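Under numbering that gives the first Met the number 0, the first residue of the sequence shown carries the number 0, and numbering increases by one thereafter.
These notes are about the structure you will find just below.
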Amino acid sequence: MKTMNEYLEFKLNHLTDLDIYQCGFEECNKNHSYGPAMRDHYLIHYIVKGKGNFERKGETYNLSEGQGFLICPNEITYYKADSEEPWTYYWVGFNGVKAKEYLLKANLAEEKPIFDYVNSGELQECLNNMIGTKSMSAGGDIQRVGYLYVFLSYLMEMVDASKKRIRNKTKEEYVAKAIEYIEKNYSRNISISKLAYYIGLDRSYLTFVFKDVLNISPKRFLIEYRINKASELIKNTEFSIGDISRSVGYDDQLAFSKVFKKIKGVAPSEYRKTREIIFLNLRKEI
Numbered sequence: 000m001k002t003m004n005e006y007l008e009f010k011l012n013h014l015t016d017l018d019i020y021q022c023g024f025e026e027c028n029k030n031h032s033y034g035p036a037m038r039d040h041y042l043i044h045y046i047v048k049g050k051g052n053f054e055r056k057g058e059t060y061n062l063s064e065g066q067g068f069l070i071c072p073n074e075i076t077y078y079k080a081d082s083e084e085p086w087t088y089y090w091v092g093f094n095g096v097k098a099k100e101y102l103l104k105a106n107l108a109e110e111k112p113i114f115d116y117v118n119s120g121e122l123q124e125c126l127n128n129m130i131g132t133k134s135m136s137a138g139g140d141i142q143r144v145g146y147l148y149v150f151l152s153y154l155m156e157m158v159d160a161s162k163k164r165i166r167n168k169t170k171e172e173y174v175a176k177a178i179e180y181i182e183k184n185y186s187r188n189i190s191i192s193k194l195a196y197y198i199g200l201d202r203s204y205l206t207f208v209f210k211d212v213l214n215i216s217p218k219r220f221l222i223e224y225r226i227n228k229a230s231e232l233i234k235n236t237e238f239s240i241g242d243i244s245r246s247v248g249y250d251d252q253l254a255f256s257k258v259f260k261k262i263k264g265v266a267p268s269e270y271r272k273t274r275e276i277i278f279l280n281l282r283k284e285i
């Protein structure tokens, strides 16, 4: 399979406040991987489509559209595209005297390498402009660094806006708003990143709030809510298992059946048989 690839590399000057080393865009093949490897500069990947895994220091992060990850200098990492929905991402590598300071303002560091930015249009435009500077004969290097400043400023603004919203609402209010959103949209293709964007929090803080208030992650809450709704449909309707899986947000019936069995202890078809046995026993008693 042919992939779309755009890659630029530049001479790096470590003595400036901020300097760009490389930037690019790639539509990865299934299972495409890189590493384990180590960099001598900061490197940010931003995912605009598909999904994959990022590994560092024994931790694995399952990432998808609207998320990104930071690789720090001298850190050994590994990342791999999904086997079914391989990711498409932009990347930008940079360093400089103030690189670490700017990243901290964006709430990014070696121990906090993941970020969420669901409103991807402005980031994509910025990164496309950065890549587009390769066609400039004069002033391209200055504009390129300028776009890097803009890119990082977007990440900083996201953190600042999130902090302001957090100060104005209680954790319980955020959880209530999230549950309301799930109740209205569980049948759609929603993700925790989309939920966090709707609530106005970054994904990691939303997870913290859910666990603090309900002692459960938002991902687990969404899964259990969908499976409980599916259980009601299996009990009270004659819909096929495929129709029910789609009705609760699962396009893949096999994936739905696996999750259902994990939560309920039996497959959906077996769960329906149990209902039928109970119904027959009730009829006999009558």
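Built from N, CA and C at the ideal position, the CB exists for glycine as well.
Keep in mind that this is a model prediction, so the values were computed, not measured.
Measuring CA to CA, which of the options is closest to residue i?
{"i": "residue 185", "options": "101, 39, 271, 223", "result": "223"}
{"i": "residue 109", "options": "242, 54, 48", "result": "54"}
{"i": "residue 98", "options": "58, 218, 69, 265", "result": "69"}
{"i": "residue 174", "options": "218, 205, 257, 122", "result": "205"}
{"i": "residue 230", "options": "179, 34, 262", "result": "262"}
{"i": "residue 120", "options": "66, 218, 220", "result": "66"}
{"i": "residue 51", "options": "239, 87, 71, 234", "result": "87"}
{"i": "residue 111", "options": "56, 148, 257", "result": "56"}
{"i": "residue 220", "options": "45, 179, 244", "result": "179"}
{"i": "residue 321", "options": "123, 201, 71, 82", "result": "This structure leaves residue 321 out entirely; the chain is present only between 0 and 285."}
{"i": "residue 144", "options": "106, 181, 244, 93", "result": "93"}
Compute the distance between the beta-carbons of residue i and residue j, then report whether it is under 7 Å.
{"i": "residue 155", "j": "residue 104", "result": "yes"}
{"i": "residue 80", "j": "residue 40", "result": "no"}
{"i": "residue 37", "j": "residue 75", "result": "yes"}
{"i": "residue 91", "j": "residue 141", "result": "no"}
{"i": "residue 195", "j": "residue 187", "result": "no"}
Alpha carbon to alpha carbon, how far is residue j from residue i? Give it in angstroms, no decimals.
{"i": "residue 95", "j": "residue 58", "result": "27 Å"}
{"i": "residue 170", "j": "residue 207", "result": "10 Å"}
{"i": "residue 47", "j": "residue 249", "result": "22 Å"}
{"i": "residue 259", "j": "residue 27", "result": "31 Å"}
{"i": "residue 192", "j": "residue 227", "result": "22 Å"}
{"i": "residue 189", "j": "residue 198", "result": "13 Å"}
{"i": "residue 19", "j": "residue 63", "result": "25 Å"}
{"i": "residue 284", "j": "residue 273", "result": "Caution is warranted here: a pLDDT of 48 is assigned to residue 284, below 50, making its placement in the model unreliable, and no coordinate value can be reported."}
{"i": "residue 24", "j": "residue 123", "result": "10 Å"}
{"i": "residue 7", "j": "residue 147", "result": "Bear in mind that a pLDDT of 49 at residue 7, under 50, signals an unreliable position, so the number given afterwards is only what the model happens to contain. Whole-angstrom Cα-Cα distance: 14 Å."}
{"i": "residue 270", "j": "residue 242", "result": "16 Å"}
Which class does residue i belong to by DSSP, given the choice of helix, strand or coil?
{"i": "residue 80", "result": "strand"}
{"i": "residue 59", "result": "strand"}
{"i": "residue 32", "result": "strand"}
{"i": "residue 67", "result": "strand"}
{"i": "residue 52", "result": "strand"}
{"i": "residue 260", "result": "helix"}
{"i": "residue 23", "result": "strand"}
{"i": "residue 213", "result": "helix"}
{"i": "residue 149", "result": "helix"}
Can you give me the start and stop residues for the beta strand (DSSP E) that residue i sits inside?
{"i": "residue 89", "result": "87-94"}
{"i": "residue 113", "result": "113-115"}
Is residue i near the ligand FMN, going by C-beta to nearest heavy atom under 6 Å?
{"i": "residue 107", "result": "Only the bare structure without any ligand can be found here, which leaves the ligand FMN out of the picture."}
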